[in-house]
Amino acid sequence: MQKQQQKMSGDQLVKQLLFLQQMKQNIAFRHFVNLELYQKLEQLKLLFRRDQSFEECIVILSRLVLAYSNLLVQLVEETCDSGEDILMKGTKWNILNSIKSEQEYYKIFFSNCKEQLFKEIQYEVELSDSDRNKLEDNFTTKIIKLIGDILDDLKKKFSEGILQDSLIALELLLDQQITHKNIVKTTDLDFQLLLVEKQQRDDWRKILDRITIKWRQLQKL
């Protein structure tokens, strides 16, 4: 993301504000997914061989959500300050108030995750752009390995009675990472459609097929 150096035209401003709104929705979606993972943690841990692998995913994602929320505040301030219209001042404060209200929830959740799941590890609250991007790349790699390691075992585990909600949570983990990767390419992401898909209560084999497809898709992004 580059800082705004010059005044934007009206069209540029509208386009940038639409992108920032999409970014805000993406952050909220990632936080929602992380809450789902946190609530289903005990179920999900039954799927993985390595200790604390999924707990670490939750802590990393909560840290990224907070980091991108901080970035969003910065970008909104820069974008609105680049507008010629005096009405942008009101727009700026309305948007910032909404973002900062959500940000308080992200801070609390990150703090709780650290305290409950990885208390022994010290995390810096603020991340530089390069550190944030590196953490994001590492998180993508971790998700790919985490799910790849258990794909062959999932069919057997579900025949043994593992809850279907665990599969849906794994699919959501992939969804949030794929949409985040795609956000810079399009402003036409439909987060509600992803949630509706999960509410249809498909057969677990169909969900597992989707997970496999999305797992492969993430490796190409």
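Here my numbering is used: the first residue of the sequence shown is 363, the next is one more, and so on. Cβ coordinates follow ideal geometry from the N, Cα and C atoms, glycine included.
Going by beta carbon distance, what residues of the same chain come within less than 8 Å of I420, once the five residues before and after it are set aside?
In the sequence shown, counting from the first residue as 1, residue 420 sits at position 58. Closer than 8 Å at Cβ, skipping near neighbours: N396, L399, Y400, L403, C475, L479.
Taking the alpha carbon of L423 as the reference point, which residue from F553, V558, H542 has its own alpha carbon closest?
Numbered from its first residue, the sequence shown carries residue 423 at position 61. Ranking F553, V558, H542 by Cα distance to L423 puts H542 first.
Tell me the DSSP secondary structure of I509 in three-state form.
Locating residue 509 in the sequence shown gives position 147, where the first residue counts as 1. Residue state, collapsed to three classes: helix.
Tell me the rounded alpha-carbon separation between K385 and L434.
Here residue 385 is taken as the residue at index 23 of the sequence shown, counted from 1. Here residue 434 is taken as the residue at index 72 of the sequence shown, counted from 1. According to the sequence displayed, residue 385 carries Met and not Lys. The alpha-carbon atoms of M385 and L434 are separated by roughly 8 Å.
If we ignore side chains and look at the alpha-carbon of each, how far apart do K507 and L497 end up?
Along the sequence shown, read from residue 1 onward, the residue named residue 507 stands at position 145. Along the sequence shown, read from residue 1 onward, the residue named residue 497 stands at position 135. Taking the straight line joining both Cα atoms gives about 15 Å.
Alpha carbon to alpha carbon, what distance is there between R425 and I470?
Looking up residue 470 in the sequence shown gives position 108. Looking up residue 425 in the sequence shown gives position 63. Using only the alpha carbons, I get a separation of about 11 Å.
Would a C-beta distance cut-off of 7 Å place V427 and H393 closer than the cut-off?
To locate residue 427, count along the sequence shown from 1; it is residue 65. To locate residue 393, count along the sequence shown from 1; it is residue 31. The answer is yes: Cβ separation under 7 Å.
In terms of residue numbering, what span does the alpha helix (DSSP H) encompassing V421 cover?
Along the sequence shown, read from residue 1 onward, the residue named residue 421 stands at position 59. It spans 415-443 - the alpha helix (DSSP H) in which V421 sits, taken as one unbroken run.
Using only CA atoms, which one of A429, L380, E417, F416 lies nearest to N495?
For the purposes of this step, residue 495 is taken as the residue at position 133 of the sequence shown. The candidate whose alpha carbon is nearest that of N495 is A429.
With burial defined as no fewer than 16 other Cβ atoms inside 10 Å of the residue's Cβ, what is the status of L375: buried or exposed?
In the sequence shown, the residue the question calls residue 375 occupies position 13. Classification of L375: buried, given that the 10 Å Cβ count is 16 or more.
Using a Cβ-Cβ cut-off of 7 Å (strictly less than) and excluding sequence neighbours within five positions of S528, which residues of its own chain qualify?
Residue mapping note: residue 528 aligns to position 166 of the sequence shown, counting from 1. Once the five neighbours on either side are set aside, the close Cβ partners of S528 are K402, Q405, L406, L409.
Would you call the CB atoms of W566 and Q526 closer than 7 Å?
Sequence index remark: in the sequence shown, residue 566 carries index 204 (1-based). Sequence index remark: in the sequence shown, residue 526 carries index 164 (1-based). Cβ atoms of W566 and Q526: closer than 7 Å.
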